[in-house]
Amino acid sequence: MKKSVIPALVILVLSQVIVFGETTFLSPCVHEDGSFGPCHWAGRALLGLGCVLGALALLSLCGKRARFGVFLSGLPVCALGILIPGTLIDLCHMSTMRCRMVMQPAMILLFSAALLCALIGAILSAKE
Amino acid sequence: MKISSLSLNNLVRKPGRTLALALLTAFLALAVFGGSVIVLSLRGGLQSLEARLGADIILVPSEAQSKVSFQNMFLQGTTGAFYMDASVAEKALEVEGVEKAAPQTFLASLKADCCSIKIQVIGIDPARDFTVQPWISRSLSRELGDMDVAVGCKVEAGMGEIIRIYEQRCKVVARLEPTGTGLDTAVYCNMNTMNALLRAAEEKGISHRIESGDSVISAVYIKVRDGSDIDAVNSRLNGRLRKVTAVRTRSMITGVSDSLAGISRTVTVLIAAVWVLAFIILLLAFALIIRERTREFAVLRLVGASRGMLARMVLAESALCGLLGGLAGTGLAAALLFPFAQLIESALKMPYLMPDAGVVVPLAAGTVLLSAAAAALSSVLAAVRLSRVDPGTALREGN
Amino acid sequence: MTVKAEGVSRRYFRKTGTANYFDAVQPVSLEIAPGGMTVLTGRSGSGKTTLLNMLSGLLVPTGGKVWYDDTDLYALDDRALSRLRSERTGVVPQGRSAVDTLTVLENILLPARLYQRELPVEAAVRWMEKLGIAPLRDARPAELSGGELRRMAIVRALAQAPDVLFADEPTGDLDDENTRLVLSAFRDFAHEEKKAVFMVTHENDALLYADRVLRMDHGQVTS
Numbered sequence: 552m553k554k555s556v557i558p559a560l561v562i563l564v565l566s567q568v569i570v571f572g573e574t575t576f577l578s579p580c581v582h583e584d585g586s587f588g589p590c591h592w593a594g595r596a597l598l599g600l601g602c603v604l605g606a607l608a609l610l611s612l613c614g615k616r617a618r619f620g621v622f623l624s625g626l627p628v629c630a631l632g633i634l635i636p637g638t639l640i641d642l643c644h645m646s647t648m649r650c651r652m653v654m655q656p657a658m659i660l661l662f663s664a665a666l667l668c669a670l671i672g673a674i675l676s677a678k679e
Numbered sequence: 003m004k005i006s007s008l009s010l011n012n013l014v015r016k017p018g019r020t021l022a023l024a025l026l027t028a029f030l031a032l033a034v035f036g037g038s039v040i041v042l043s044l045r046g047g048l049q050s051l052e053a054r055l056g057a058d059i060i061l062v063p064s065e066a067q068s069k070v071s072f073q074n075m076f077l078q079g080t081t082g083a084f085y086m087d088a089s090v091a092e093k094a095l096e097v098e099g100v101e102k103a104a105p106q107t108f109l110a111s112l113k114a115d116c117c118s119i120k121i122q123v124i125g126i127d128p129a130r131d132f133t134v135q136p137w138i139s140r141s142l143s144r145e146l147g148d149m150d151v152a153v154g155c156k157v158e159a160g161m162g163e164i165i166r167i168y169e170q171r172c173k174v175v176a177r178l179e180p181t182g183t184g185l186d187t188a189v190y191c192n193m194n195t196m197n198a199l200l201r202a203a204e205e206k207g208i209s210h211r212i213e214s215g216d217s218v219i220s221a222v223y224i225k226v227r228d229g230s231d232i233d234a235v236n237s238r239l240n241g242r243l244r245k246v247t248a249v250r251t252r253s254m255i256t257g258v259s260d261s262l263a264g265i266s267r268t269v270t271v272l273i274a275a276v277w278v279l280a281f282i283i284l285l286l287a288f289a290l291i292i293r294e295r296t297r298e299f300a301v302l303r304l305v306g307a308s309r310g311m312l313a314r315m316v317l318a319e320s321a322l323c324g325l326l327g328g329l330a331g332t333g334l335a336a337a338l339l340f341p342f343a344q345l346i347e348s349a350l351k352m353p354y355l356m357p358d359a360g361v362v363v364p365l366a367a368g369t370v371l372l373s374a375a376a377a378a379l380s381s382v383l384a385a386v387r388l389s390r391v392d393p394g395t396a397l398r399e400g401n
Numbered sequence: 052m053t054v055k056a057e058g059v060s061r062r063y064f065r066k067t068g069t070a071n072y073f074d075a076v077q078p079v080s081l082e083i084a085p086g087g088m089t090v091l092t093g094r095s096g097s098g099k100t101t102l103l104n105m106l107s108g109l110l111v112p113t114g115g116k117v118w119y120d121d122t123d124l125y126a127l128d129d130r131a132l133s134r135l136r137s138e139r140t141g142v143v144p145q146g147r148s149a150v151d152t153l154t155v156l157e158n159i160l161l162p163a164r165l166y167q168r169e170l171p172v173e174a175a176v177r178w179m180e181k182l183g184i185a186p187l188r189d190a191r192p193a194e195l196s197g198g199e200l201r202r203m204a205i206v207r208a209l210a211q212a213p214d215v216l217f218a219d220e221p222t223g224d225l226d227d228e229n230t231r232l233v234l235s236a237f238r239d240f241a242h243e244e245k246k247a248v249f250m251v252t253h254e255n256d257a258l259l260y261a262d263r264v265l266r267m268d269h270g271q272v273t274s
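Residue numbers (this note's numbering), protein chains in the order written: chain A, 552 to 679; chain B, 3 to 401; chain C, 52 to 274.
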């Protein structure tokens with residue numbers, strides 16, 4: 552097994568945590584009146600990015616020829632995932648709210664870990 | 003190739019072995035750094051709470067004790083709104099032993115523009131207040147004007163931003179330093195602003211069971227004169243003022259302090275247990291690894307490495323593993339504790355103020371060094387035993 | 052350099068039959084002079100390897116002394132002894148003797164690297180070519196066969212240009228062609244470079260290359 556497969560597998564796992572997490576334990580705020588705040592849309596965007604990341608990870612596992620390019624594609628996706636919560640899309644205005652307390656730090660950590668894996672994967676697949 | 007280069011070479015070319023040892027020391031570092039930061043944060047929160055309360059006694063309407071826990075307002079930022087006549091502050095000043103009496107008025111907003119939850123609004127008299135005003139003064143050089151607000155650090159509103167409370171436009175003129183208490187989620191204004199907000203709340207049909215007019219307050223913070231017995235003053239206040247309860251702030255702090263001591267003890271015991279266990283495992287691991295590498299060491303002796311060189315090689319390898327693990331464990335602890343600080347605070351339900359960089363950085367550095375030292379120490383026995391074996395015997399055993 | 056053994060013996064303390072000790076080597080006195088190849092032969096368990104290890108500074112004798120010229124070898128502290136062995140001797144032990152985390156060339160240059168001496172790269176390459184392992188210079192020991200590993204150990208010893216070469220069953224894993232190659236190399240090393248070679252072996256062919264043959268039986272040496 553080529554070494555570059557390992558970061559691809561890690562990214563696949565991270566993407567699933569992002570997708571599953573956004574709808575469950577890492578979800579944004581739930582408002583009493585049922586309305587959606589900006590954090591809801593940030594969460595949806597992150598869910599989408601998680602799906603894209605998962606697809607990229609699967610693509611990279613299919614064949615080593617495209618692997619380098621696929622890892623490179625993952626870099627801006629992860630960067631976007633880091634910037635969306637709180638920077639590109641605003642969140643609720645209280646640090647004690649769920650979106651700021653749970654979703655934002657967790658998603659930034661997960662996408663940062665994926666970014667690191669994509670970087671390592673790109674380097675390894677370039678050498679292979 | 004110096005022995006240190008050989009050590010590094012061994013670590014790089016045997017990644018599985020290196021990773022296993024580094025994981026053990028990462029576990030150690032995680033426990034020490036993580037546990038220490040949590041304990042320091044709890045202590046910081048308690049100190050902050052003591053500083054913020056400032057007063058010796060707090061007067062609240064008797065109904066406040068059953069309706070809302072006054073303590074929770076400070077510790078967890080639970081919103082509360084209860085009222086009494088403003089004259090209570092003047093009457094309190096007449097009681098023997100009372101040096102200062104500063105009124106505050108509380109209001110819970112239904113929903114401010116900035117937030118989709120209730121926030122606590124606290125009105126103060128800047129001229130008389132001695133608990134919140136000194137804290138506000140650190141961020142604002144002038145007094146709070148009418149319709150100006152100072153926001154706690156957890157209210158995400160920028161300087162100059164307009165926030166609406168009961169449709170009243172209030173301008174953010176200061177963001178306050180963190181306290182690690184429920185006060186970080188509050189918004190502060192002067193009494194004129196508070197009265198305007200109270201009237202607006204009434205107009206919206208939000209019943210706070212208040213009377214119209216500018217004559218209500220929620221609490222009075224009492225500073226007892228030096229030399230007076232606080233318990234005696236507390237009793238006098240309870241005796242003289244009707245429908246009002248005097249609460250000693252010390253009792254609030256003692257409760258928190260006792261909980262903190264308990265948590266601190268538990269964390270310390272856990273850290274010690276983790277260290278003892280991990281150290282034993284490291285000792286065994288190094289003993290096994292070295293037994294497995296007898297032939298390798300015999301070959302090194304064969305080509306001229308002295309016992310001292312071999313011992314240094316083993317110590318260097320273990321210290322490097324420890325360093326690697328220390329960095330990883332400390333990094334992981336930091337990655338979990340700092341971004342999720344608010345979550346931890348909410349879970350603990352206690353004042354929680356994270357130490358600043360001046361404390362965290364040396365603590366992290368110390369943890370990493372300690373991990374490296376622990377790993378090196380755990381390999382000393384094995385290194386010493388190794389150095390006592392004749393290469394001839396070792397070669398024989400390795401055959 | 053002349054190696055001299057004066058009543059060198061090795062006793063192991065363990066229960067054997069009626070006694071609590073076992074003499075692997077009875078007091079042995081001999082001299083290994085430069086310019087010749089000495090072969091020590093004998094049955095398995097006769098003490099040949101034990102004697103070689105004591106002469107090469109790897110095993111402390113329980114009796115007697117070993118001299119390298121005027122230096123009492125075992126009177127030196129471990130540091131001085133190790134340095135002396137590294138500079139003056141080359142040892143080819145029985146079995147596998149490679150550091151797995153180093154390449155073949157790195158293994159060969161290791162003795163010089165430990166003491167930051169000038170690396171004998173030229174000599175190493177020359178010997179690697181002579182013994183047919185030059186293409187394996189960047190390989191790891193795990194990729195080598197037993198015979199290739201043995202030849203690597205021989206090159207490691209020879210590349211340092213030692214005054215004395217100690218070899219314990221150096222042709223054990225080698226085929227006939229490589230055996231002849233190694234034995235010739237040892238003989239040339241002794242005669243042409245005026246060095247001493249002391250070899251322990253079962254190999255009968257080795258006797259044809261020897262300048263002196265010693266026989267060991269139950270810990271005693273006979274010529």
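Ideal Cβ placement from N, Cα and C applies to all residues, glycine included.
Listed along chain B, the residues sitting closer than 7 Å to M652 (chain A) by beta-carbon distance are Q344, L345 and S348. For Y166 (chain C), the chain B residues whose C-beta falls within less than 8 Å of its own C-beta are G306, listed in chain order. Along the segment 277-308 of chain B, the positions whose C-beta sits under 9 Å from a C-beta of chain C are R297, E298, A300, V301, L302, R303, L304, V305, G306, A307 and S308, read in chain order. R297 (chain B) carries a helical assignment under DSSP once its states are collapsed to helix, strand and coil. Taken atom to atom, the span from the alpha-carbon of R242 (chain B) to that of R250 (chain B) is near 16 Å.
Minimum Cα-Cα distance from E169 (chain C) among the listed residues C:P144, C:G198, C:E138 and C:A218 corresponds to C:E138.
At a cut-off of 8 Å between beta-carbon atoms, M658 (chain A) makes no contact with chain B. Excluding five sequence positions before and after L32 (chain B), the CB atoms of its chain that fall closer than 8 Å to its own CB belong to G331, T332, L334 and A335, given in chain order. Of B:V175, B:L322, B:V226 and B:S111, the smallest CA-CA separation from L10 (chain B) is found for B:L322. Going by DSSP, F619 (chain A) is part of the alpha helix (DSSP H) stretching over R618 to L634.
In this chain, the alpha helix (DSSP H) harbouring F29 (chain B) covers P17 to L55. When the beta-carbon positions are compared, V143 (chain C) and D219 (chain C) come within less than 8 Å of each other.
Q145 (chain C) sits in coil when the DSSP states are folded into three classes, being neither helix nor strand. Counting only residues of its own chain and dropping the five nearest sequence neighbours on each side, M352 (chain B) has a CB closer than 7 Å to the CB of L44, G47, L77, V258, S261 and L262.
For P341 (chain B), the chain A residues whose C-beta falls within less than 9 Å of its own C-beta are Q655, P656, A657, I659 and L660, listed in chain order. Here DSSP, grouped into helix, strand and coil, assigns K156 (chain B) to coil. Note on F571 (chain A): under 16 other CB atoms within 10 angstroms of its CB, so exposed under the neighbour-count rule. At least one beta carbon of chain B lies nearer than 8 Å to the beta carbon of S646 (chain A).
In the DSSP assignment, T247 (chain B) falls within the beta strand (DSSP E) that extends over V246 to R250. Cβ proximity to chain C below 8 Å picks out nothing from the segment 254-269 of chain B. For L61 (chain B), the pairing in a beta bridge is given by DSSP as B:V222 and B:A248. Interface annotation, M315 (chain B): not in contact with chain C, CB-CB separation never under 8 Å. Within 7 Å of the CB of R15 (chain B), the CB atoms of chain C belong to T152, in sequence order along the chain. The beta carbon of G18 (chain B) sits no closer than 8 Å to any beta carbon of chain C. Between the alpha carbons of D131 (chain B) and R651 (chain A) lies a gap of roughly 32 Å. For G183 (chain C), no alpha helix (DSSP H) encloses it, and the DSSP letter there is neither H nor E. When C-beta atoms of the segment 290-303 of chain B are compared with those of the segment 113-132 of chain C, fewer than three pairs fall below 8 Å, so the two segments do not count as touching. A direct Cα-Cα distance of roughly 41 Å separates M105 (chain C) from L326 (chain B).
DSSP places N240 (chain B) in the helix class (H, G or I) of the three-state scheme. The C-beta distance from V174 (chain B) to M161 (chain B) rounds to 6 Å, short enough to fall under 8 Å. For Q344 (chain B), the uninterrupted alpha helix (DSSP H) segment begins and ends at A343 to L350. For L109 (chain B), the enclosing beta strand (DSSP E) begins and ends at V100 to A110. For A190 (chain C), the three-state secondary structure derived from DSSP is coil. Excluding its 5 nearest sequence neighbours in each direction, V269 (chain B) has C-beta neighbours in its own chain below 8 Å: G37, I40 and V41, listed in chain order. At a Cβ-Cβ threshold of 8 Å, L607 (chain A) and G625 (chain A) count as neighbours. In the pairwise beta carbon analysis, the segment 224-241 of chain B is classified as not touching the segment 139-150 of chain B: fewer than three pairs are separated by under 8 Å.
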